[in-house]
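Residue numbers (full-length UniProt numbering): 1 to 479.
Don't be surprised by glycine CBs; every beta carbon is placed ideally from N, CA and C.
Please read these numbers as outputs of a predicted model, since none were measured by experiment.
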Ligand code: ADP
């Protein structure tokens, strides 16, 4: 028996069965059935959010704190069940699914606290007798459009600050992961949100997402997804003169220098490139390695790759789950073919694997002998595929690391304070890691990138306030 999950519009669960989601570890397993909204439902959701904004934006910190704290507590109490369900629909491992669920709980807890910390400024005017106040207010109706690779953490890090700062929401999750989205909305709804404050519209990006982009009543859009869709969000948002924030791709470099601790470098590469099946915008897809350590590093990475357990996401022994779906699997395989055609050497993996159940299993792939000009070095693959680029020294490594249209994260493995410091200062990325994987960030500090990776203010931590509020400067002459 599959369950039917409906959309939440103006406090009511509405809709008929429209789509199913499939477990990528076992395509015979249907996780659930979901209502699929059309443009009319999107319009109703936007109207409900618009109507709910005045009261919610004036609700005060305690009401918002209560909902966010209660949500955090329930997510944490149900972490194993929600984490398992996430792993079942997305294909990341149980440990990753539970870890991501805990992260979502921490994010709601953080923003519950932020509701009580909102402050303003007061300064004397240049005109005697006049006072000037600078305060922050909610922006209005926020459209939240999310991808499939972090089905609960990304919605959490957009929904929590949007609510904390008094906005109302129309939330459109990715088609592949409706169960995690529905779960988080159900918890928030039961935690006591007034009707219309949070609306869930599951459905196609080209239909529901597009209806959000085209609406003059959506005052801000926070988007995470592909570069192509991000550009559409940007163009439509300029047309409506609304705020927007984009998180898109990455082609993140991990530099490994001759003086690196080999064990640390191998850990960083395996984790950064292959965990979560390489399906992270922060994945280390370019491994830039200096000559003196190249062969030792490659041998050690291959040895570790050979030992990784690839299988059903719900099996506790699995370290790498399946690829999310057939389309993504084809994209990964196409890029593996492109890498070979371009002359890179496929030194490990890249082939499909049979497991006990029909699923999208791919052995993690490692290319050697690649150049930074190849397509596999320039385009985001979004799978368990990484390539090693051999360089002469630190200077060449830095220049190759920065030679990319993206700029989300970067990493360096070195024991040299001089090189680590120089890299932190000169890497053209929004987040820089020293002796750590390029993926894996804290929830209470800003997240975001440069160049083609991101646009607009940072997400997460107290920096999230920049996007989810607008500044008001008020002047008072009291005589
Ligand atoms: P990915 O490759 O990660 O699936 P997409 O950019 O296609 O990246 O999807 C990210 C999110 O954007 C999803 O929720 C998707 O449904 C949504 N989306 C896709 N097309 C549009 C569109 N034309 N307008 C608004 N949202 C869209």
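Output yes or no for whether 9 Å exceeds the beta carbon distance between residue 450 and residue 429. Between residue 450 and residue 429, the C-beta gap is smaller than 9 Å, which places the two residues in contact.
Could you tell me whether any non-hydrogen atom of the ligand ADP is closer than 8 Å to the CB of residue 230? Flag set: Cβ of residue 230 near the ligand ADP.
- Buried or exposed: residue 356, going by 16 or more other Cβ atoms within 10 Å of its Cβ? Per the 10 Å Cβ criterion, exposed.
Q) Using the C-alpha atoms, what's the distance from residue 272 back to residue 393? A) Using only the alpha carbons, I get a separation of about 22 Å.
Excluding sequence positions up to five away, which residues of its chain have a Cβ less than 8 Å from the Cβ of residue 31?
2, 20, 21, 22, 23, 85, 88, 89, 179.
Does the region 168 to 175 come into contact with the region 236 to 251, if we say contact requires no fewer than three beta-carbon pairs (one atom in each stretch) closer than 8 Å?
Two segments are said to touch when three or more pairs of C-beta atoms, one from each, lie closer than 8 Å; by this definition the region 168 to 175 does not touch the region 236 to 251.
Residue 244 by DSSP, collapsed to three states: which one?
DSSP, read as helix, strand or coil, puts residue 244 in strand.
Exercise for the section: Would you give the residue range spanned by the beta strand (DSSP E) that residue 288 belongs to? Expected result: For residue 288, the enclosing beta strand (DSSP E) has its first and last residue at 284 to 290.
TODO: Give me whichever residues DSSP pairs with residue 475 in a beta bridge.
DONE: Partner residues in the beta bridge of residue 475, as assigned by DSSP, are 132.
For residue 324, which residues of its own chain have a beta-carbon under 8 Å away from its beta-carbon, when the five flanking residues on both sides are left out?
Excluding sequence neighbours, residue 324 sits near 24, 90, 91, 148, 149, 176, 277, 279, 360.
| Which partner residues does residue 19 have in the DSSP bridge list? | Under DSSP, residue 19 forms a beta bridge with 34.
Requested in this report: Using the DSSP secondary-structure output, state which residues sit across from residue 455 in a beta bridge.
Outcome: For residue 455, which the question treats as bridged, DSSP gives the partners 246.
Discussion item. Just to confirm the assignment: which complete alpha helix (DSSP H) runs, minimum length 4, are found wholly within the region 116 to 185?
Written reply: 153 to 164, all fully within the region 116 to 185.
Between the CA atoms of residue 112 and residue 300 - distance to the nearest angstrom: If I take the Cα positions, the gap works out to 44 Å.
Looking at the unbroken beta strand (DSSP E) that takes in residue 366, where does it start and where does it end?
365 to 368 is the span of the beta strand (DSSP E), which, as asked, contains residue 366.
Starting from the C-beta of residue 191, find all residues in its chain whose C-beta is less than 6 Å away, skip the five residues before and the five after it, and write them out in chain order. Annotation for residue 191: 67, 70, 71 place their beta carbon closer than 6 Å to its own, counting only its chain and skipping 5 residues before and after.
- Query: Between which two residues does the beta strand (DSSP E) harbouring residue 255 extend?
  - Reply: From DSSP, the beta strand (DSSP E) with residue 255 extends over 252 to 256.
Quick check: the region 227 to 243 against the region 254 to 271, are at least 3 beta-carbon pairs closer than 8 Å? These segments do not touch.
| message | Looking at residue 57: is its Cβ nearer than 9 Å to the Cβ of residue 168? | response | Annotated as proximal: residue 57 and residue 168, with beta-carbon spacing under 9 Å.
(request) Could you check which residue in 155, 51, 289, 364 has the C-alpha nearest to that of residue 225? (result) With respect to the C-alpha of residue 225, the residue from 155, 51, 289, 364 having the closest C-alpha is 155.
Cα-Cα separation, residue 260 to residue 289: Distance between the alpha carbons of residue 260 and residue 289: 10 Å.
Item to complete: May I have the straight-line CA-CA distance separating residue 335 from residue 198, to the nearest angstrom?
Response: If I take the Cα positions, the gap works out to 39 Å.
Exposure label - residue 125; buried when at least 16 CB within 10 Å: Residue 125 should be labelled exposed.
Flag this pair as touching only if the region 300 to 309 and the region 412 to 422 have three or more C-beta atom pairs under 8 Å; answer yes or no.
The way I'd put it, the region 300 to 309 doesn't touch the region 412 to 422; fewer than three beta-carbon pairs between them come closer than 8 Å.
For residue 316, report the span of its beta strand (DSSP E) as first-last. First-last for residue 316: undefined, no H or E at that position.
Are there any heavy atoms of the ligand ADP lying less than 8 Å away from the beta-carbon of residue 226, as far as the coordinates show? Checking every heavy atom of the ligand ADP against the Cβ of residue 226, one is found closer than 8 Å.
Provide the residue span of the alpha helix (DSSP H) that contains residue 227, from first to last.
Start and end: 227 to 239.
**Item:** Where the beta strand (DSSP E) containing residue 272 begins and where it ends
**Value:** Per DSSP, residue 272 lies in no beta strand (DSSP E); the unbroken alpha helix (DSSP H) holding it starts and ends at 262 to 274.
| query | So, do the region 39 to 59 and the region 327 to 347 have three or more beta carbon pairs nearer to each other than 8 Å? | reply | Output reads no: the region 327 to 347 does not touch the region 39 to 59.
Query raised in the report: Roughly how many whole angstroms lie between the Cα atoms of residue 115 and residue 138?
Result: Straight-line Cα distance between these residues: approximately 12 Å.
Inset, instruction - Would you please state the rounded distance, in angstroms, between the beta carbons of residue 364 and residue 274? I believe it to be under 8 Å. - result: The Cβ separation is near 5 Å, so the contact holds.
Quiz item: Would a C-beta distance cut-off of 9 Å place residue 107 and residue 443 closer than the cut-off?
Solution: Contact: yes.
In whole angstroms, what separates the C-alpha of residue 189 from that of residue 183? Note on geometry: alpha-carbon atoms of residue 189 and residue 183 lie some 10 Å from one another.
- [ ] For residue 374, name the three-state secondary structure that DSSP assigns.
- [x] DSSP places residue 374 in coil when its eight states are reduced to three.
Along the chain, where does the beta strand (DSSP E) containing residue 433 start, and where does it finish? Membership of residue 433 in the beta strand (DSSP E) is indicated by the continuous run 431 to 434.
Exercise. When burial is assigned at 16 or more other CB atoms within 10 Å of the CB, is residue 326 buried or exposed?
Worked result: Its Cβ having fewer than 16 others within 10 Å, residue 326 is exposed.
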